[in-house]
Amino acid sequence: MTSPVLGQLAGRAGAPPRPVDQTLVTRDGVDLRISYFPSDAGQDATPVVLLHDFGESRAVMRGLALALQTPGPAGAGEIPRRAVVTVDLRGHGDSRSAAGVDGPVQLDHARLRQGDFEDMVRFDMEAVRSFLVDKNDARELNLNKLALVGSGMGANVAALWAANDWDAPPLAVRKQGQDVKALALISPAWNFRGLALNDALRQPDVRQRLALLIAFGEESRDAARDAGNVIRNVEKFHPEPPPDQAKEKKDLFVYELPAALQGTELLSKASFALPPKIDEFLWRRVDTKSFPWIGRKVK
Numbered sequence: 001m002t003s004p005v006l007g008q009l010a011g012r013a014g015a016p017p018r019p020v021d022q023t024l025v026t027r028d029g030v031d032l033r034i035s036y037f038p039s040d041a042g043q044d045a046t047p048v049v050l051l052h053d054f055g056e057s058r059a060v061m062r063g064l065a066l067a068l069q070t071p072g073p074a075g076a077g078e079i080p081r082r083a084v085v086t087v088d089l090r091g092h093g094d095s096r097s098a099a100g101v102d103g104p105v106q107l108d109h110a111r112l113r114q115g116d117f118e119d120m121v122r123f124d125m126e127a128v129r130s131f132l133v134d135k136n137d138a139r140e141l142n143l144n145k146l147a148l149v150g151s152g153m154g155a156n157v158a159a160l161w162a163a164n165d166w167d168a169p170p171l172a173v174r175k176q177g178q179d180v181k182a183l184a185l186i187s188p189a190w191n192f193r194g195l196a197l198n199d200a201l202r203q204p205d206v207r208q209r210l211a212l213l214i215a216f217g218e219e220s221r222d223a224a225r226d227a228g229n230v231i232r233n234v235e236k237f238h239p240e241p242p243p244d245q246a247k248e249k250k251d252l253f254v255y256e257l258p259a260a261l262q263g264t265e266l267l268s269k270a271s272f273a274l275p276p277k278i279d280e281f282l283w284r285r286v287d288t289k290s291f292p293w294i295g296r297k298v299k
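If you're matching positions, the sequence shown starts at 1 in this note's numbering and goes up one per residue.
Written as structure tokens, this is what we have:
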């Protein structure tokens with residue numbers, strides 16, 4: 001007799017496509033390094049962008065990227081592979097070079113100023129979106145099902161860029177925003193170097209319409225306070241559904257983990273099972289929803 005797990009995955013052939021490293025160039029001249037973990041599901045694939053914490057790099061997100069690329073058995077039937085992108089935000093990892101007036105300039109995360117963090121939202125994430133637009137129009141993924149997962153600083157970047165995405169005015173000739181459907185925020189800071197979550201949560205769609213997952217180590221007073229601020233701003237818009245409707249309607253997931261650890265350290269502690277929780281969150285709130293594929297470029 002076939003086990004339920006094997007039965008759910010039986011239709012998916014072979015190993016997942018191998019990740020590809022690429023360099024994107026932002027509008028202000030930063031060489032932004034990413035890793036792209038493709039899907040083999042074509043325009044049915046959910047795209048997921050993973051954003052690291054301050055002082056880290058996309059390397060810390062590789063394990064989560066591989067886990068999310070091939071979803072686990074969260075529900076009945078085969079789950080299409082996702083298209084996952086990990087990013088070295090400016091001044092981090094391999095994204096340390098930028099064009100300057102007199103030649104290349106080296107960036108160091110320890111010397112970034114408030115404007116540099118704001119440029120992560122304004123320029124780095126727009127370069128990632130342009131990359132995803134190309135993949136969308138090549139029918140390699142469905143940008144209309146975009147999910148963002150951020151850790152620490154990356155959580156703030158994700159939330160603020162989601163607000164920008166939902167603030168984008170509709171155009172008559174093409175779709176240009178309202179793509180982010182889910183946010184997973186791991187140890188979000190209420191204000192990280194000028195990246196204020198209050199600014200993101202003023203955007204009504206971010207606080208009301210997006211599916212949200214918030215995880216933090218509750219033994220840190222600062223982390224619990226900051227996550228609590230986020231939760232208080234959104235929970236009234238996401239009432240707990242009756243137990244028999246939770247799978248279909250629950251759209252706010254809060255994990256108060258028994259640790260002082262924060263950020264990507266929470267991802268690596270097996271007993272917390274945070275990657276499977278994120279996987280199931282994406283399956284419930286994005287993968288199984290009917291967000292139509294829409295081409296973006298005017299032909």
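Note that beta-carbon positions come from the ideal geometry of N, C-alpha and C, so glycine has one too.
Identified DSSP bridge partners for residue i
i: ALA99; result: PRO104
i: PRO47; result: ALA83
i: GLN22; result: ILE34
i: ALA184; result: VAL149 and LEU213
i: ASN191; result: ALA196
Delimiting residues of the alpha helix (DSSP H) encompassing residue i
i: ARG33; result: Taken as a continuous stretch (DSSP letters only), ARG33 belongs to no alpha helix (DSSP H), being part of the beta strand (DSSP E) at 31 to 37.
i: GLU280; result: 274 to 282
i: GLU256; result: Taken as a continuous stretch (DSSP letters only), GLU256 belongs to no alpha helix (DSSP H), being part of the beta strand (DSSP E) at 252 to 257.
i: ASP244; result: Premise fails: ASP244 is in no alpha helix (DSSP H) and is neither H nor E.
i: VAL230; result: 221 to 234
i: GLN178; result: Premise fails: GLN178 is in no alpha helix (DSSP H) and is neither H nor E.
i: ALA127; result: 125 to 137
i: ARG207; result: 204 to 208
i: ASP40; result: Counting along the chain, ASP40 falls outside any alpha helix (DSSP H), and DSSP gives it neither H nor E.
i: PHE117; result: 114 to 119
Cβ-based neighbour list, residue i, same chain, cut-off 6 Å, excluding 5 preceding and 5 following
i: ALA200; result: ALA159, LEU160, ALA163 and VAL206
i: ALA260; result: GLY217, GLU219 and SER220
i: VAL121; result: VAL157, LEU160 and TRP161
i: LEU89; result: MET120 and ASP124
i: VAL30; result: ARG90 and ALA98
i: ASP168; result: It should be pointed out that residue 168 corresponds to Ala in this sequence rather than to Asp. So the qualifying residues of the chain are GLN176 and GLY177.
Contact set for residue i: own chain, Cβ-Cβ below 8 Å, skip 5 residues either direction
i: GLN114; result: ARG193 and GLY194
i: ARG296; result: VAL133, ASN136, ASP137, LEU143, ARG174, LYS175 and GLN176
Whole-number beta carbon distance between residue j and residue i, since they are thought to touch under 8 Å
i: PHE253; j: LEU197; result: About 17 Å; that fails the 8 Å criterion.
i: TYR36; j: PRO19; result: 6 Å
i: LEU148; j: LEU66; result: Contact flag wrong, Cβ pair sits at about 18 Å.
Same chain, Cβ closer than 7 Å to residue i, five either side skipped, listed in chain order
i: PRO241; result: LYS249 and LYS250
i: GLN22; result: ILE34 and TYR36
heavy atom of the ligand COA below 7 Å from residue i C-beta
i: LEU195; result: Looking for the ligand COA in the displayed structure turns up nothing, as the structure carries no ligands at all.
Using 8 Å as the threshold, is the segment 277 to 292 in touch with the segment 22 to 41, meaning 3 or more CB pairs across them?
Too few Cβ pairs lie closer than 8 Å, so no.
Does the segment 187 to 198 touch the segment 143 to 163, meaning 3 or more C-beta pairs lie closer than 8 Å?
Below 8 Å, enough C-beta pairs join the segment 143 to 163 and the segment 187 to 198 to call them touching: three or more.
When the Cβ atoms of the segment 235 to 243 are set against those of the segment 271 to 286, are three or more pairs found closer than 8 Å?
By the criterion of at least three beta-carbon pairs nearer than 8 Å, the segment 235 to 243 is not in contact with the segment 271 to 286.
Taking contact to mean at least 3 C-beta pairs separated by less than 8 Å, is the segment 93 to 111 in contact with the segment 128 to 148?
By the Cβ test, the segment 93 to 111 is not in contact with the segment 128 to 148, since fewer than three Cβ pairs between them sit closer than 8 Å.
Do three or more CB pairs link the segment 138 to 150 to the segment 102 to 117 at distances below 8 Å?
Taking a contact to require three or more Cβ pairs closer than 8 Å, the segment 138 to 150 and the segment 102 to 117 do not qualify as touching.
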